[in-house]
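Asker: Chains as they are written, first to last, in the numbering used here: chain V, 1 to 515; chain E, 1001 to 1515. Note that CB positions come from ideal geometry on N, CA and C, so glycine has one too. These numbers were taken from a predicted model, which means no experiment stands behind them. The structure under discussion is supplied below as structure tokens; questions concerning it will follow.
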């Protein structure tokens, strides 16, 4: 039963009488949701009927935000003052004692489209545009954004809704344009701990002369995103002019997409998806494609790991997502090639930003102990990109990729890219560590990616870059009772204890069967 | 694609090291979501890796809450202090300077059931029990509760999920038991502004000697709930012993169900459903039935208004809800009779707590100008209750109900109930009013309940009890250009201006066609 009270027909900036208060920076960090603090006996609260948790429109000169009200019942504020949280202060460009005007915000019209979707109606192109616009403008509260995420979760978005969402996300972000052609790219839909092929693929492909301006995400529900891992090795928060300089010089880059506002909507959605651990196929496709298109890519290879505990659990659902990526991509003139890969266990040994970065360096430097599985996957994907980008005929990509890696050309290219991005850095190891031991001797018969990721997250990854775990027991390996199956790394004793408590409570995260 | 990282297997109360801080009451009202404030350089934040918006478990002696962290970057707090919001202070029974222990909370295990539902799996009886238990314990953040609401919205809950949810809601609340039999009750699923039959039905039915201990809700998405309207006339926040005394003396009561914790889960869900304006058939059925069963009812008549702008829009969906109510009720031994009523326009003249209370008084007092439609609906429902409760043979209920109302016996009973609840009060009229005029002469051809309700809500109802509107132009009535179609009432000039701005922007909330 819909109850669409929200469409108003009013134009933005209605004539409600503004009320003036003097702003004060309270130094309260509420993360991204802006909060305004007013006294309960303040004349504005009384005359406007504001109460705790009311949504309030706040103006400082030409700057405008919608903030959530917390009511002050103590002497923290004077009656003529409006306290601002840190995010509200920044968004309004606050000035101590300066005047802000507060009023009732208009009802957010586009939320009626979210409600309609919740009740089973498809999202239209117009609806998607309006929703994403309002989210980026800060007009949605956290619970409204959460409603939208839930409405799109699982398989609730069909192909036309997905295209509409992609277009809407593109419309609110910046777009890069390049003189070169083709512009190649690679992407992994995620869900496989340690699958850090991007720095390798970019290095190989750029070393072959293709243009690959790679923008990566931070973690959504995983212990590390490519941007998190790369940040351990070099700065990734580059501006668009900085990215242009890096790509002009080296042919490639590995930067955080969020820093350049290629998909600001996606960045906001991620902030709430992360604590909820919710995914949506349609949103995933829109998120990937909007970023690739915004980055100016023309040809992209997409890695879809499949495994019972990976993000994509079956070949069937991988094929669904693959088909959506290809056909939604085509709607924007983007050539998409998907690669279904093994998603039954982590890739490499490290899980968490710094530990994964060490794996990447080992492969690039052709170290003896470099994880062979990470190397192999990177070569397969680089081969696809080289073939898609016309640098190798079909079937010849793999040999070319391997020769570039073996010769050290990829490592040289990676160092050059890092230098161009601001300088190569050494990963640091965490101070607090704990081994989890094999309960019996035998061979490793099963690995639960999700619970491994959970342990790495509880240990502090990705916020604590050195946190995570080292995975010592790939599928099929033989282990002796009492040897370490994994080592948890943490930056604080509290986080180490927390990850241990969880790991100790779990049977068979790494399943050892007697031979 | 599910990513269920949240099931832990850990028992509640894990062994994470606690950290001691000294509590300070900051006097910040964040409504129901408890907030804890800590300095960014506080040793606990550092050692535990807490950041803004982290969920934190806080203990004060035996009392425990989960609170959201806001990080203080100013001198508001000392490094050893933990500031608490008003709701956190109350829940912990705070004491200035007293010691609180803070730690990472365990992942909320039941949220994996919410996630599974979002991805299309049905909610099990166990799952519903665990979710509702955790919500009532305060273990869910607002965005987690919002995800649950979205997952149940529309028609997403089937009958077995609805029964499971009803049982779960019953399990966390108190239950009343009565010696009398039958215990009758009435309920309206809502959505029709001004449909305030409850005080009338209870008065008539109790005057006939049936036992009707009526607990009502406050508004969810409407400008007034029965409890909001009744509160204008008498206290409704009664304790269970107080309710027992009222019912023992008068055979009936009209109190707020939330005050007696009959369905504490529902009260929490309502707090977030209201700003989102989201409904769910299954949750509606579970909410109604859990409250009726908890109140000890054995026979209940349920009013389902049907109309294109009512909460239930078609006979078809009314029949679906009706069938769910009857069969889920039967699973708990509750006899349910549903009555589909006209939902095409508001009932009576007032919309908003006090204005509706005035309509109720007019009918009870048999005033000449009493709204005939409200009177008629109340008699029809009272007749059904009288017949269901065995006080009148089939077909004879209406005459009995009318005679009780006409004789003044119902008004006497209502006064007696109000006195027993703490004393009858006079409704007050709001100070700020504005007439909306007919744009042309003609007859009233259409009325949009939803936009009328929206106007009343923007005027401040139900939080401002005198706010709302008087509706002067029922369907079919003849109006002259320039006469008032409705009068907006508000308690503050800001709210009046806001309701006017919205009303002025809307065409044909009350549609007048030239004759």
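Please state whether DSSP places residue 1214 of chain E in a helix, a strand or coil.
Answerer: On the second chain, position 214 is the one that residue 1214 of chain E refers to. Reduced to three states, the DSSP call for residue 1214 of chain E is strand.
Asker: Could you say which of V:368, V:277, V:154 lies nearest to residue 317 of chain V if we only look at CA atoms?
Answerer: On the first chain, position 317 is the one that residue 317 of chain V refers to. Here the closest residue by C-alpha is V:154.
Asker: Near residue 1492 of chain E, which residues of its chain fall below 8 angstroms by C-beta distance, leaving aside the five closest residues on each side in sequence?
Answerer: Working through the second chain from its first residue, we reach residue 1492 of chain E at position 492. Cβ within range, chain order: 1432, 1460, 1464.
Asker: Return the residue from the list V:436, V:382, V:390, V:425 that minimises the CA-CA distance to residue 410 of chain V.
Answerer: Sequence index remark: in the first chain, residue 410 of chain V carries index 410 (1-based). Selected option, being the one with the closest Cα: V:382.
Asker: Using the rule of at least 16 other Cβ atoms within 10 Å of the residue's Cβ for burial, across every protein chain shown, is residue 63 of chain V buried or exposed?
Answerer: Working through the first chain from its first residue, we reach residue 63 of chain V at position 63. Residue 63 of chain V should be labelled exposed.
Asker: Exposed or buried, what is residue 426 of chain V when buried is set at 16 or more other beta-carbons lying within 10 Å of its beta-carbon?
Answerer: Counting from one through the first chain, the residue named residue 426 of chain V turns up at place 426. Label assigned to residue 426 of chain V: exposed.
Asker: Which one or two residues does DSSP pair with residue 59 of chain V in a beta bridge?
Answerer: Along the first chain, one-based indexing puts residue 59 of chain V at 59. Paired residue(s): V:64, V:101.
Asker: Using a C-beta to C-beta distance shorter than 9 angstroms, which residues of chain V count as neighbours of residue 1460 of chain E?
Answerer: Here residue 1460 of chain E refers to the residue found at position 460 of the second chain. Going along chain V in sequence order, the residues near residue 1460 of chain E (Cβ under 9 angstroms) are 49.
Asker: Is the distance from the Cβ of residue 49 of chain V to the Cβ of residue 1495 of chain E below 8 angstroms?
Answerer: Taking the first residue of the first chain as position 1, residue 49 of chain V is located at position 49. Taking the first residue of the second chain as position 1, residue 1495 of chain E is located at position 495. Yes, they are a contact pair.
Asker: What residue range is occupied by the uninterrupted alpha helix (DSSP H) comprising residue 1163 of chain E?
Answerer: In the second chain, residue 1163 of chain E corresponds to position 163, counting from 1. 1159 to 1171 is the span of the alpha helix (DSSP H), which, as asked, contains residue 1163 of chain E.
Asker: Taking Cβ-Cβ distances shorter than 9 angstroms, what residues in chain V pair up with residue 1147 of chain E?
Answerer: For this step, residue 1147 of chain E is matched to residue 147 along the second chain. Those within 9 angstroms of residue 1147 of chain E in chain V are 146, 147, 149, 150, 153, 276, 278.
Asker: Please check if any C-beta of chain V sits within less than 8 angstroms of the C-beta of residue 1266 of chain E.
Answerer: As a working note, residue 1266 of chain E is residue 266 in the second chain. For residue 1266 of chain E, the answer is no, since every Cβ of chain V falls outside 8 angstroms of its Cβ.
Asker: List the residues of chain B whose Cβ lies closer than 8 angstroms to the Cβ of residue 341 of chain V, in chain order.
Answerer: Protein chains V and E are contained in the structure displayed, whereas chain B is not.
Asker: When we look at the beta-carbon of residue 1100 of chain E and count the other beta-carbons within 10 Å, is it buried (16 or more) or exposed?
Answerer: Along the second chain, read from residue 1 onward, the residue named residue 1100 of chain E stands at position 100. It counts as buried.
Asker: Is residue 142 of chain V near residue 33 of chain V, with beta carbons less than 8 angstroms apart?
Answerer: Working through the first chain from its first residue, we reach residue 142 of chain V at position 142. Working through the first chain from its first residue, we reach residue 33 of chain V at position 33. Yes, Cβ-Cβ distance for residue 142 of chain V and residue 33 of chain V is below 8 angstroms.
Asker: Measuring only between beta-carbons, confirm whether residue 1104 of chain E sits less than 8 angstroms from chain V.
Answerer: For the purposes of this step, residue 1104 of chain E is taken as residue 104 along the second chain, with counting starting at 1. Closer than 8 angstroms: yes.
Asker: Determine, using beta carbons only, whether residue 52 of chain V comes closer than 8 angstroms to chain E.
Answerer: What you label residue 52 of chain V is simply residue 52 of the first chain in a count that begins at 1. It does; some Cβ of chain E falls within 8 angstroms.
Asker: Rounding to the nearest angstrom, what Cα-Cα distance links residue 1060 of chain E and residue 1054 of chain E in this structure?
Answerer: Within the second chain, the letter at position 60 stands for residue 1060 of chain E. Within the second chain, the letter at position 54 stands for residue 1054 of chain E. C-alpha separation (whole angstroms): 19 angstroms.
Asker: Quick one: what's got a C-beta closer than 8 angstroms to residue 1351 of chain E's C-beta in the same chain, skipping five residues either side?
Answerer: The residue you call residue 1351 of chain E lines up with position 351 of the second chain. If we look at residue 1351 of chain E and ignore the five residues flanking it on each side, its Cβ neighbours are 1193, 1194, 1223, 1224, 1452, 1453, 1456, 1461, 1468, 1469, 1470, 1471.
Asker: Apart from the five residues just before and just after residue 420 of chain V, which ones in its own chain have a Cβ nearer than 6 angstroms to its Cβ?
Answerer: Here residue 420 of chain V is taken as the residue at index 420 of the first chain, counted from 1. The answer, listed in chain order, is 246, 249, 250.
Asker: For residue 1417 of chain E, would you say it is in contact with chain V, using Cβ-to-Cβ distances shorter than 8 angstroms as the test?
Answerer: In the second chain, counting from the first residue as 1, residue 1417 of chain E sits at position 417. Not an interface residue.
Asker: Please work out which residues of its chain come closer than 8 angstroms, Cβ to Cβ, to residue 1315 of chain E, disregarding the five sequence neighbours upstream and downstream, and give them in chain order.
Answerer: Position 315 of the second chain, counting from 1, holds the residue named residue 1315 of chain E. Correct list, in chain order: 1306, 1340.
Asker: By Cβ distance below 6 angstroms, which residues in the same chain neighbour residue 1332 of chain E in space, the five residues on each side in sequence not counted?
Answerer: Here residue 1332 of chain E refers to the residue found at position 332 when the second chain is read from its first residue. So the qualifying residues of the chain are 1293.
Asker: Quick check on residue 1509 of chain E: does DSSP put it in helix, strand or coil?
Answerer: If you number the second chain from 1, residue 1509 of chain E lands on position 509. Reduced to three states, the DSSP call for residue 1509 of chain E is coil.
Asker: Let's test the definition: count the other Cβ atoms within 10 Å of the Cβ of residue 1285 of chain E and tell me whether it reaches 16, buried, or not, exposed.
Answerer: Mapped onto the second chain, residue 1285 of chain E falls at position 285. Buried.
Asker: Strictly by DSSP, which residues pair up with residue 1069 of chain E?
Answerer: Translated into positions along the second chain, residue 1069 of chain E becomes position 69. E:1036.
Asker: For a test of the three-state rule: what should DSSP assign to residue 1251 of chain E, helix, strand or coil?
Answerer: Along the second chain, one-based indexing puts residue 1251 of chain E at 251. Three-state result, residue 1251 of chain E: coil.
Asker: Along chain V, in chain order, which residues have C-beta atoms closer than 9 angstroms to that of residue 1320 of chain E?
Answerer: To locate residue 1320 of chain E, count along the second chain from 1; it is residue 320. Ordered by position in chain V, no residue passes the 9 angstroms Cβ test against residue 1320 of chain E, which lies about 10 angstroms from the chain.
Asker: Excluding sequence positions up to five away, which residues of its chain have a Cβ less than 7 angstroms from the Cβ of residue 1070 of chain E?
Answerer: For the purposes of this step, residue 1070 of chain E is identified with residue 70 of the second chain, where counting begins at 1. Around residue 1070 of chain E: 1035, 1037, 1052.
Asker: Please confirm whether residue 514 of chain V and residue 403 of chain V have their CB atoms less than 8 angstroms apart.
Answerer: The residue you call residue 514 of chain V lines up with position 514 of the first chain. The residue you call residue 403 of chain V lines up with position 403 of the first chain. In this structure, residue 403 of chain V does not lie closer than 8 angstroms to residue 514 of chain V by Cβ.
Asker: Taking all protein chains shown into account, decide if residue 1391 of chain E is buried (16 or more other Cβ within 10 angstroms of its Cβ) or exposed.
Answerer: Taking the second chain and counting its residues from 1, one reaches residue 1391 of chain E at position 391. It is buried - the Cβ of residue 1391 of chain E has at least 16 other Cβ atoms within 10 Å.
Asker: Where does residue 1276 of chain E fall in DSSP's three states?
Answerer: Numbered from 1 along the second chain, position 276 holds the residue referred to as residue 1276 of chain E. Three-state DSSP puts residue 1276 of chain E in a helix.
Asker: On the CB-based measure, 16 or more other CB atoms within 10 Å of its CB, does residue 46 of chain V come out buried or exposed?
Answerer: Within the first chain, the letter at position 46 stands for residue 46 of chain V. It counts as exposed.
Asker: What distance in whole Å lies between the Cβ atoms of residue 291 of chain V and residue 257 of chain V, which are believed to be in contact at a cut-off of 8 angstroms?
Answerer: The count along the first chain starts at 1 and reaches residue 257 of chain V at position 257. The count along the first chain starts at 1 and reaches residue 291 of chain V at position 291. Rounded, the Cβ-Cβ distance is 5 angstroms, consistent with contact.
Asker: Identify the contact partners of residue 74 of chain V in chain E, using a Cβ-Cβ distance below 8 angstroms as the criterion.
Answerer: Within the first chain, numbered from 1, the residue matching residue 74 of chain V stands at position 74. The answer, in chain order, is 1025, 1026, 1027, 1028.
Asker: Taking residue 86 of chain V as the query, report the chain E residues whose CB atoms sit under 9 angstroms from its CB, ordered along the chain.
Answerer: Your numbering for residue 86 of chain V matches position 86 in the first chain. 1052, 1071, 1073, listed in chain order.
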